[in-house]
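**Student:** Chains as they are written, first to last, in our numbering: chain A, 645 to 989; chain B, 645 to 989.
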DNA sequence: TGAAAATATGTAAGCGCTTACATTTCTCTC
DNA sequence: GAGAGAAATGTAAGCGCTTACATATTTTCA
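1. Any idea if residue 725 of chain B is buried or exposed, counting beta-carbon neighbours within 10 angstroms, 16 or more meaning buried?
2. Using a Cβ-Cβ cut-off of 7 Å (strictly less than) and excluding sequence neighbours within five positions of residue 695 of chain A, which residues of its own chain qualify?
3. Tell whether a beta-carbon distance below 8 Å holds between residue 717 of chain B and residue 747 of chain B.
4. Going by other Cβ atoms of all chains shown within 10 Å of its Cβ, with 16 needed for buried, is residue 802 of chain A buried or exposed?
5. State yes or no: is the C-beta of residue 892 of chain A within less than 8 Å of the C-beta of residue 905 of chain A?
6. Quick check: is the beta carbon of residue 993 of chain B nearer than 8 Å to any beta carbon in chain A?
7. Would you say residue 746 of chain B reaches chain A, if we count a Cβ-Cβ gap shorter than 8 Å as a contact?
8. Since I believe residue 708 of chain B is in contact with residue 770 of chain B (beta carbons under 8 Å), could you give me their beta-carbon distance rounded to a whole number of angstroms?
9. What are the residues that DSSP puts in a beta bridge with residue 972 of chain A?
10. How long is the line joining the alpha carbons of residue 826 of chain B and residue 979 of chain B, rounded to whole angstroms?
11. Using a Cβ-Cβ distance under 8 Å, would residue 922 of chain A count as near chain B?
12. Closest to residue 752 of chain B by C-alpha separation, out of B:666, B:884, B:982, B:844, would be which residue?
13. Is residue 685 of chain A buried or exposed, if buried means 16 or more other CB atoms sit within 10 Å of its CB?
14. Taking contact to mean 3 or more Cβ pairs, one atom from each stretch, closer than 8 Å, check whether the stretch 952-970 of chain A and the stretch 898-918 of chain A are in contact.
15. Three-state secondary structure (DSSP) at residue 836 of chain A?
16. Hey, how far is the Cα of residue 867 of chain A from the Cα of residue 816 of chain A?
17. Measuring CB to CB, does residue 896 of chain A end up less than 8 Å from residue 924 of chain A?
18. Which chain A residues are close to residue 702 of chain B, counting only those with a beta carbon under 9 Å from its beta carbon?
19. Can you list, in chain order, the stretches of the beta strand (DSSP E) that have 3 or more residues and sit fully within the stretch 909-964 of chain A?
20. DSSP three-state call for residue 860 of chain A: helix, strand or coil?
21. Taking 8 Å as the cut-off, does the stretch 844-863 of chain B touch the stretch 763-783 of chain B (at least 3 CB pairs, one atom from each stretch)?
22. Report the three-state DSSP secondary structure of residue 872 of chain B (helix, strand or coil).
23. Using a Cβ cut-off of 7 Å, pull out every chain B residue sitting near residue 956 of chain A, in sequence order please.
24. Nearest to residue 758 of chain A by alpha carbon, out of B:738, B:768, B:853, B:918?
25. On the CB-based measure, 16 or more other CB atoms within 10 Å of its CB, does residue 722 of chain A come out buried or exposed?
26. For residue 749 of chain A and residue 832 of chain B, I'd like the C-alpha separation in whole angstroms.
27. Could you confirm whether any beta carbon from chain B is found closer than 8 Å to the beta carbon of residue 932 of chain A?
28. Would you list the residues sitting across from residue 685 of chain B in a DSSP beta bridge?
29. Which residues, in order along the stretch 782-798 of chain B, keep a beta-carbon less than 9 Å from a beta-carbon of chain A?
30. Could you give the DSSP three-state label for residue 821 of chain B: helix, strand or coil?
31. Thinking just about the alpha-carbon of each residue, which of A:854, A:836, A:878, A:889 is nearest to the one in residue 872 of chain A?
32. By DSSP, does residue 989 of chain A sit in helix, in strand, or in coil?
33. Taking Cβ positions only, does residue 661 of chain B come closer than 8 Å to chain A?
34. Could you tell me whether the Cβ of residue 649 of chain A comes closer than 8 Å to any Cβ of chain B?
35. Taking residue 733 of chain A as the query, report the chain B residues whose CB atoms sit under 7 Å from its CB, ordered along the chain.
36. Using a C-beta cutoff of 8 Å, does residue 772 of chain A count as contacting chain B?
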């Protein structure tokens, strides 16, 4: 049988062609490409000119098959249309590039089913390791990855109770810190707009953080007016409208992220409410939007880039049987800007 | 030699294991997975249960090597931290997913060198086809891709003068349309903030569009106060400050994209200038930011999602020797919002 | 009813590379 | 200058899959 005559595929030079042209064995050519130090300079030069002359470049499938690695690292994020993930992922990929790895990103649209599907796809596409967001997912998925020998790093979350490798920040403590400040200012009637907590440990931890702070101040955590809604400016606005329509509307609305907060801010303006004099609003993430709006958003800064960069380093170390690193916890920082003030008395 | 005993890699089941378990040949198993219609239902069921029982999933490298395709489509965008690319790429990937293809994205940080490097990387990673932004690049790159038999689709630009497959919109005509409106309102003293035009045909075309409109109105195109600056809100603001410091500052600032326009808007506010009464500002792209700022940005809407979706369909058709489709031109739309008005008289 | 046509399955030859091991060729050291 | 050790290169066995072609089985219809 002869597939070389397929009319569409060009006949590319192979390792053997290069070896022939350079008068060496295929092993030597392979070594020139993968561990040049093992080859004498003169030979190497001869081989490399042959490579250049023929316009050779290695066949990916063959290399992956023989080496049992692809050099591809997978990452699954909820959506690319979100600055926080985009930013972290950008840093992640820049760092991977330095170690010669390539990033393969997929997005789950915040759906556990799609995420599971994407995980399988990435593994089927040969990902050597995976970066995931948050711990929360079907244990079967972790078992599957374990069985396939694909190392996993969980990001965006720090939870010492989880044994697996992870890098992130303490969502709960960070949000509790912000809520403390809110309470200190005298707010007692508190609203919260959050992403859906089911299957989203970041959202859940942030809500828990607010409740922690309430408890610390002797406020009943159950009294928190909480609305869960999908991630978007419009949804943030809509939730804000509902909170403000309450019999006793909150004097402050703590949002689970900046996007929801910007929506809330827009709605406040639309309702003719003065922020922060009539109602305070806070965000979480510190994305670019936070400083574009007026007044600028009081929020929690998360070191996304740093997280992306560090994640890449950890993951590269885990490929090829490196021991799982200890969980890493990064620091967040409160950013006081224009949308938070004491309640009107 | 026996590599199976490597202590890190797990011993995964192979096609042959499945074949043995199901009592069929490896060919039949392969067919079950790739063209189920060719296999009798009873046999197929037997094979699929064996697959499930063993937890089998195909080895990527081996499949790619034998089939001479990876199912990976590459895309290179300037940056992931830009909503317009993120949005288009998201739609692109959703559509690819429907045809069982996987997207591999890389970013060039607007650098031709990095882009060339990334193109080589993606091809080396087995990309079956490539999506690129804009036509502008070293002809050697196109030659390389041609030689490797990797189909390319250029997006974001429509230029009938370019023979290659492309999908985009007419940046020049779209921007000319906006500039016409600006001139119609009576503006004659016009400033422009653009991304760097070198190596960026989109930016160049948009500038050309403004000059076209000027010429149509009998204004000397050379009189355009043009500042080129990298893509960011801060740079837009800085450029705005420079324009406003001119002896006769422009009455309108046309920006090459929304991000620069938002920067300009911020600076106008900071300078105490009333937009649009004292100075008008326009953008291009219609990203979410455009409606978040106050006043909302007058801009040009680009059908990013539609472009991404259509690009995926075209590219899938081109893999495996499909004929190159004719260039596609999508329509843009002017969005009149709050930042454009007649000049103060 | 039997031969041709259609359908289902098996056989086995690669796909192009990496790498364990074997072999050859240098470099020392005494 | 001989022997030991190090360095450079070659040999060839897979890696796990797809698919052309061969073979076996069933269907169709004159």
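For glycine and all other residues, C-beta sits at the position ideal for the given N, C-alpha and C.
**Tutor:** Taking the structure as given:
1. Buried.
2. Excluding positions up to five away in sequence, the list reads 662.
3. Yes; because the gap between Cβ atoms is below 8 Å, this pair is in contact.
4. Within a 10 Å sphere around the beta-carbon of residue 802 of chain A sit 16 or more other beta-carbons, which makes this residue buried.
5. Result no, Cβ atoms of residue 892 of chain A and residue 905 of chain A do not sit closer than 8 Å.
6. Absent from the structure is residue 993 of chain B, since the part of chain B shown begins at 645 and ends at 989.
7. Closer than 8 Å: yes.
8. The pair is a contact, with the Cβ atoms about 6 Å apart (cut-off 8 Å).
9. According to DSSP, residue pairing for residue 972 of chain A in a beta bridge involves A:811.
10. Cα to Cα, residue 826 of chain B sits roughly 13 Å from residue 979 of chain B.
11. Answer no: the Cβ-Cβ gap between residue 922 of chain A and chain B never drops below 8 Å.
12. It is B:844 whose Cα lies nearest to the Cα of residue 752 of chain B.
13. The residue in question, residue 685 of chain A, is exposed, as its Cβ has fewer than 16 Cβ neighbours within 10 Å.
14. Result no; under three Cβ-Cβ pairs closer than 8 Å.
15. In the structure shown, the three-state DSSP call for residue 836 of chain A is strand.
16. Taking the straight line joining both Cα atoms gives about 18 Å.
17. The answer is yes: Cβ separation under 8 Å.
18. Simply 768.
19. Runs of the beta strand (DSSP E) inside the stretch 909-964 of chain A: 924-926, 943-945.
20. The three-state secondary structure of residue 860 of chain A, taken from DSSP, is helix.
21. Verdict: yes, contact present.
22. DSSP places residue 872 of chain B within a strand segment (E or B) once states are collapsed to three.
23. Chain B residues near residue 956 of chain A: none, gap ~14 Å exceeds 7 Å.
24. It is B:738.
25. It counts as buried.
26. Approximately 47 Å between the Cα atoms of the pair.
27. Chain B, which has a Cβ nearer than 8 Å to the Cβ of residue 932 of chain A, makes this yes.
28. Answer is none; residue 685 of chain B lacks a bridge partner.
29. Within the stretch 782-798 of chain B, the qualifying residues are 788, 790, 791, 792, 793.
30. For residue 821 of chain B, the three-state secondary structure derived from DSSP is helix.
31. In this structure, A:836 is the residue among A:854, A:836, A:878, A:889 with its C-alpha nearest to the C-alpha of residue 872 of chain A.
32. Coil at residue 989 of chain A, not helix or strand.
33. Taking Cβ atoms only, chain A never reaches closer than 8 Å to residue 661 of chain B, which makes this a no.
34. Note that residue 649 of chain A scores a pLDDT of 34, beneath 50, so its modelled location is shaky and nothing firm can be said.
35. Neighbours of residue 733 of chain A on chain B, chain order: 724.
36. Not closer than 8 Å to any Cβ of chain B, the Cβ of residue 772 of chain A fails to qualify, so no.
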